[in-house]
Amino acid sequence: MEKFQLSLLFKIIGIGSASGLIYQDETLYIISDNSSYLYEYEIKNTKLNRHSLSENAQENIPKAFKPDFEAITKHADSLYLFGSGSTENRNSMVQVDSKTKEVIKTQDLTDLYLTMQSFAKIAPEDFNIEGVIYNGESWFFFNRGNGKTGKNVVFTVEGKNLVNEFQIISNEFKLPKIKGVRTSFTDAILVEDKIYFLASAENSNSTYDDGEVLGSIIGRIDVKKMKIDFTQKISDTHKFEGLTLYKKSSNEIEFLLCEDNDTEVLEADVYQLKLKI
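If you count the sequence shown from 1, you need to add 9 to reach the numbering used here.
Now the structure itself:
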């Protein structure tokens, strides 16, 4: 698979450091890694709504204090937002009613994240959840291997809840390099029985500090085999951190992507990616 088309679709003013998005019914739900709002963007009338995820919600929260929401997934009538787990104050999961946009519950996933680290032998400083998928039965968590050990791991979690009754399976993936730097997971979604994922190369060995962006790839994993079907470089300059399904036909699939600009500028670029299948 080599034929793709990437283009800037639109710019949203009012969102900075976009880190995940979901498209549904001409609406985009977007999270930012330095904000405690859920953003709802109505595409047809270009209207942006903000929904508080906590008391005294803020934008451009200082790095040391931000909840670092890096992953968003949807199932039934709920949206689930996840902190990256890269520091102790980034371990929250927030469940939001997708109809009312009200917070249903907030959970502390510290025990789950610590178990993941122990299970896959990932040091706390190398732990960084950037994507989550929920299909109603299983959860898939994607650890971005941008720490010193470079562990790109997919955790499959099953159980009654994510707090104290769960079972974990882990699969580690060796992703391709861009300009000599290994790419690492930045988001993922489930389309039928395939996982499509984004991964970026950033010239830094830290899950906390940003580095020079060297580009991004898209790839696909067979869920049953947990093997990569293909990878394709889609940019030499962008760090794409959000992926959602836009359209699908018999021979083409379209995604919407968002980019983390790593600045305090409240602008979010949304790109359209077309792939031949």
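Beta carbons are placed, not taken as given, at the ideal position from N, Cα and C, and that holds for glycine.
If you're wondering where the values come from, they're calculated on a predicted model, not measured in any experiment.
Reduced DSSP category for Leu37 - H, G, I as helix; E, B as strand; rest coil: Under the three-state reduction of DSSP, Leu37 is assigned to strand.
Segment limits, beta strand (DSSP E) that includes Phe151: That run of the beta strand (DSSP E) goes Trp148 to Asn152.
Simplified DSSP assignment, three categories, for His165: Correcting the residue identity first, residue 165 is Thr in this sequence and not His. In the structure shown, Thr165 sits in a strand (DSSP, three-state: E or B).
Beta-carbon proximity check, Gly159 vs Asn137, cutoff 8 Å: No Cβ-Cβ contact shorter than 8 Å links Gly159 with Asn137.
Per DSSP, the bridge partner or partners of Ser179: Residue pairing by DSSP places Ser179 opposite Phe164 in a beta bridge.
Nonlocal neighbours in the same chain, by C-beta distance under 8 Å from Pro133, ignoring five residues either side: Gln126, listed in sequence order.
Option nearest Glu35 by Cα separation, candidates Val163, Tyr50 and Ser26: If we check each option's Cα against that of Glu35, Tyr50 comes out closest.
Pair within 8 Å by beta-carbon distance, Leu37 and Ile22: Between Leu37 and Ile22, the gap from beta carbon to beta carbon reaches 8 Å or more.
The stretch 173 to 181 touching the stretch 192 to 212, judged by at least three CB pairs closer than 8 Å: Proximity of the stretch 173 to 181 to the stretch 192 to 212 falls short of the contact definition, fewer than three beta-carbon pairs being nearer than 8 Å.
Outcome for Pro76 when other beta-carbon atoms lying within 10 angstroms are tallied against a minimum of 16: When all chains shown are included, Pro76 counts as buried.
Where Glu111 falls: helix, strand or coil (DSSP): Three-state result, Glu111: coil.
Expected contact under 8 Å - CB spacing of Thr119 and Asn100 to nearest Å: Contact between Thr119 and Asn100 holds, with the beta-carbon distance rounding to 5 Å and staying under 8 Å.
Residues of its chain near Leu18, where Cβ-Cβ distance is below 8 Å and the 5 sequence neighbours each way are ignored: Counting only Cβ-Cβ distances below 8 Å, and skipping sequence neighbours, we find Leu265, Val279, Tyr280 and Gln281.
Cβ shell of Met235 (< 6 Å), same chain only, five flanking positions each side left out: Around Met235, the same chain offers Asn180 as residues with beta carbons nearer than 6 Å, after the five sequence neighbours per side are excluded.
Under 8 Å between C-beta atoms of Gly29 and Val274: Not a contact, by the Cβ cut-off of 8 Å.
Buried or exposed (CB count within 10 angstroms, at least 16 for buried), Gly228: So Gly228 ends up on the buried side.
Among Asn65, Lys12, Val232 and Glu79, nearest to Ile39 - alpha-carbon criterion: With distances taken between Cα atoms, Ile39 lies closest to Glu79.
Proximal residues to Lys108 (C-beta, below 8 Å), its chain only, five neighbours per side dropped: The beta carbon of Lys108 is closer than 8 Å to those of Asp86 in its chain, skipping five residues each way along the sequence.
From Phe149, Thr55, Glu268 and Val166, residue whose alpha carbon lies closest to that of Thr82: Closest option to Thr82, Cα to Cα, is Phe149.
Proximity winner among Phe128, Glu263 and Glu276, relative to Leu284 (alpha-carbon distances): Residue Glu263 is the option with its Cα nearest to Leu284.
Helix, strand or coil at Leu123 according to DSSP, with G and I counted as helix: Reduced to three states, the DSSP call for Leu123 is helix.
Through-space distance from Asp202 to Ser259, alpha-carbon basis: Whole-angstrom Cα-Cα distance: 15 Å.
Opposing strand residues paired with Glu261 [DSSP bridges]: According to DSSP, Glu261 bridges with Lys285.
Environment of Phe182 [buried if 16+ CB atoms lie within 10 Å]: Flag for Phe182 reads buried.
Secondary structure of Glu134, DSSP reduced to three states: Secondary structure of Glu134 (DSSP, three-state): helix.
Cβ distance (whole Å) where Ser45 is taken to contact Ala66 below 8 Å: The beta-carbon separation of Ser45 and Ala66, rounded to 4 Å, stays under the 8 Å limit for a contact.
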